[in-house]
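**Student:**
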Amino acid sequence: KGIKIMKIVLDTETISLEKPFVYDLGYVIVNDNGDIIAKKSYVISQVWNNKELFATAYYADKKPLYYARLKSGYSKKVGWGHAMRYLANDIKKYGITEIYAYNSKFDSRALNFMCAWYKVVNGLGGIEIQDIMNFIKPITKSQDFVNFCESNGYMTNHKTPQPQKKAETLYRYLTNNVDYEEEHTGLEDSLIELEILMTALGLLE
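Numbered per the numbering used here, the sequence shown spans residues -14 to 190.
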């Protein structure tokens, strides 16, 4: 237990599901206590600068928010190759052994697609992204969470409705803030997903 385990929680925002061009890569680096060591927010220039392409993004209306963050230095505009190099450097620098994402299949596919499209080496360096959704059972199976979803209408449309397992719903429950709306930007979403992960891992112990 003496070894410090360093984790990354990451999130990608893409313009479509078909060809998931990433315009925003955000991640947070933490130690095994969940203490934040570093935060990174990269706006990907190839996609951002292509006005026609970016206009098709789900959250294209967030452009003013990104402009403000680029201006303040919160986010940095970089090419995909640089983003992958920075990620690889961070993994090496901090001795990262675990990488997580919420619904990680999507983020893995987006990273692989971008690396293939721009002929860039994947910054993950062979580390597989673990899916946070594989760890949330202690939260989602609790009667308290079920009651929360039922009383706030956060149930699925199945024949037998189930509590929603969206990150937004879990974060609303954990913070007891039903008005919370997921921002759908890389770094901000990584931060809420980190809180979900650390809570779930704490309950698993």
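Ideal Cβ placement from N, Cα and C applies to all residues, glycine included. Remember, predicted model here, so these are calculated numbers, not experimental data.
Bridge partners of Gly66, per DSSP?
**Tutor:** DSSP lists no partner for Gly66.
**Student:** I believe Val(-6) touches Val13 by the beta-carbon criterion, under 8 Å. Please report the beta-carbon distance rounded to the nearest angstrom.
**Tutor:** With 8 Å as the limit, Val(-6) and Val13 qualify as a contact, their Cβ atoms being about 5 Å apart.
**Student:** From Lys48 to Val28, what does the alpha carbon distance come to, in whole angstroms?
**Tutor:** Distance between the alpha carbons of Lys48 and Val28: 11 Å.
**Student:** Assign Ala152 to buried or exposed, taking buried as 16 or more other Cβ atoms, counted over all protein chains shown, within 10 Å of its Cβ.
**Tutor:** Looking at its Cβ environment, which holds 16 or more other Cβ atoms inside 10 Å, Ala152 is buried.
**Student:** Roughly how many whole angstroms lie between the Cα atoms of Gly187 and Leu96?
**Tutor:** Gly187 and Leu96: Cα-Cα distance of roughly 29 Å.
**Student:** State the start and end residues of the unbroken alpha helix (DSSP H) segment that holds Leu50.
**Tutor:** Lys48 to Ser57 is the span of the alpha helix (DSSP H), which, as asked, contains Leu50.
**Student:** Taking 8 Å as the threshold, find out whether the region 135 to 148 comes into contact with the region 165 to 185 through three or more Cβ pairs.
**Tutor:** Contact between the region 135 to 148 and the region 165 to 185 is absent, because fewer than three Cβ pairs lie under 8 Å.
**Student:** In this structure, what does DSSP give as the bridge partners for Leu115?
**Tutor:** It should be pointed out that residue 115 corresponds to Gln in this sequence rather than to Leu. BP columns for Gln115 point to Tyr85.
**Student:** If you count every other CB in all the chains shown that lies within 10 Å of the CB of Ala68, and 16 or more means buried, which is it?
**Tutor:** Buried, by the Cβ-count rule.
**Student:** Whole angstroms is fine: what's the gap from Arg157's alpha carbon to Cys134's?
**Tutor:** Going from the Cα of Arg157 to the Cα of Cys134 covers about 10 Å.
**Student:** Buried or exposed: which applies to Leu2, given that a residue is buried once 16 or more other Cβ atoms fall within 10 Å of its Cβ?
**Tutor:** Per the 10 Å Cβ criterion, exposed.
**Student:** Between which residues of its own chain and Gln115 is the CB-CB distance below 6 Å, once the five residues before and five after are set aside?
**Tutor:** Excluding positions up to five away in sequence, the list reads Tyr85.
**Student:** Let me make sure I understand the geometry here. Which of Gly80, Gln149 and Trp65 has the alpha-carbon closest to that of Val7?
**Tutor:** Of the candidates Gly80, Gln149 and Trp65, the one whose C-alpha sits nearest the C-alpha of Val7 is Trp65.
**Student:** Out of Asn16, Asp164 and Ile0, state which residue places its alpha-carbon closest to the alpha-carbon of Asp9.
**Tutor:** Ranking the options by Cα distance to Asp9, first place goes to Ile0.
**Student:** Hey, would you say Leu172 sits closer than 8 Å to Lys24, going by beta carbons?
**Tutor:** It is a contact, given that the beta carbons lie within the stated cut-off.
**Student:** Which residues share a DSSP beta bridge with Asp9?
**Tutor:** In the DSSP output, where bridge partners are listed per residue, Asp9 has Glu(-2) and Val28.
**Student:** Mapping DSSP to helix, strand and coil, what is Glu126?
**Tutor:** Just to set this straight, residue 126 is Lys in the shown sequence, not Glu. Coil.
**Student:** Would the beta-carbon of Pro5 fall within 8 Å of that of Arg94?
**Tutor:** Yes, the Cβ-Cβ distance between Pro5 and Arg94 is below 8 Å.
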